[in-house]
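Only one structure is covered here, and it is reproduced in the block below.
In the working numbering, the protein residues as written are 1 to 163.
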């Protein structure tokens with residue numbers, strides 16, 4: 001695997017998932033490394049921003065779901081198989097007929113599982129603050145001449161540096 005990776009390099013998809021995993025795991029070193037790899041691969045900063053926003057939104061929604069008490073026997077230490085049997089059916093039942101599903105519930109079950117596991121690393125107050133930071137950063141990316149790399153690094157430092 002190492003030899004193949006050395007020949008073809010990492011794909012943008014591999015690196016973006018490494019970035020979001022590092023972000024939700026609050027691993028600043030890995031998050032910054034992944035960000036720099038993505039920028040060096042030529043991925044547009046707004047695409048990177050989109051994936052960061054998506055991850056924070058999923059964590060926020062998962063945090064709210066956990067706090068709602070509507071997940072029955074959910075425990076953050078449960079394995080994926082148990083999650084699929086015990087929690088997934090309850091999640092699918094949360095959307096009233098005709099309503100649009102909650103974004104995190106409409107994702108692949110493993111994405112939902114990971115978001116629920118990772119959401120407990122964050123408080124609702126933290127996540128709300130990160131959403132505000134994301135809005136301000138998005139505006140700065142689109143309307144100022146500030147260095148996109150620095151703006152994105154600030155997000156990662158804010159999220160991963162707070163423990």
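All C-beta atoms, glycine included, are put in the ideal place defined by N, C-alpha and C. Predicted model only: the values in this text are computed from it and were never measured.
For residue i, collect the residues of the same chain with a Cβ closer than 6 Å to its Cβ; drop the 5 residues on either side in sequence, then sort them by chain order.
{"i": "residue 113", "result": "80, 83"}
{"i": "residue 62", "result": "104, 115, 116, 119"}
{"i": "residue 124", "result": "63"}
{"i": "residue 144", "result": "none"}
{"i": "residue 30", "result": "22"}
Could you have a look at residue i and say whether DSSP puts it in helix, strand or coil?
{"i": "residue 82", "result": "helix"}
{"i": "residue 129", "result": "helix"}
{"i": "residue 112", "result": "helix"}
{"i": "residue 25", "result": "coil"}
{"i": "residue 147", "result": "coil"}
{"i": "residue 30", "result": "helix"}
{"i": "residue 156", "result": "helix"}
{"i": "residue 54", "result": "helix"}
{"i": "residue 66", "result": "helix"}
{"i": "residue 94", "result": "coil"}
{"i": "residue 77", "result": "coil"}
{"i": "residue 42", "result": "coil"}
In chain order, what residues of the same chain have a beta carbon less than 8 Å from the beta carbon of residue i, not counting five sequence neighbours either side?
{"i": "residue 35", "result": "19, 48, 149, 152, 153, 156"}
{"i": "residue 67", "result": "124"}
{"i": "residue 51", "result": "16, 19, 20"}
For residue i, which residues from the same chain have a beta carbon less than 7 Å from its beta carbon, with the 5 sequence-adjacent residues on both sides left out?
{"i": "residue 56", "result": "127, 130, 131, 134"}
{"i": "residue 46", "result": "141"}
{"i": "residue 122", "result": "59, 63"}
{"i": "residue 53", "result": "134"}
{"i": "residue 94", "result": "70, 102, 105"}
{"i": "residue 138", "result": "49"}
For chain C, is any of its Cβ atoms less than 8 Å away from the one on residue i?
{"i": "residue 120", "result": "Included in the structure is just one protein chain, with no chain C present."}
Query raised in the report: Looking at C-beta atoms only, is the number of pairs between the region 65-77 and the region 110-122 that lie closer than 8 Å three or more?
Result: yes
Query raised in the report: Is the region 147-161 in contact with the region 13-31, if contact means three or more CB pairs nearer than 8 Å?
Result: yes
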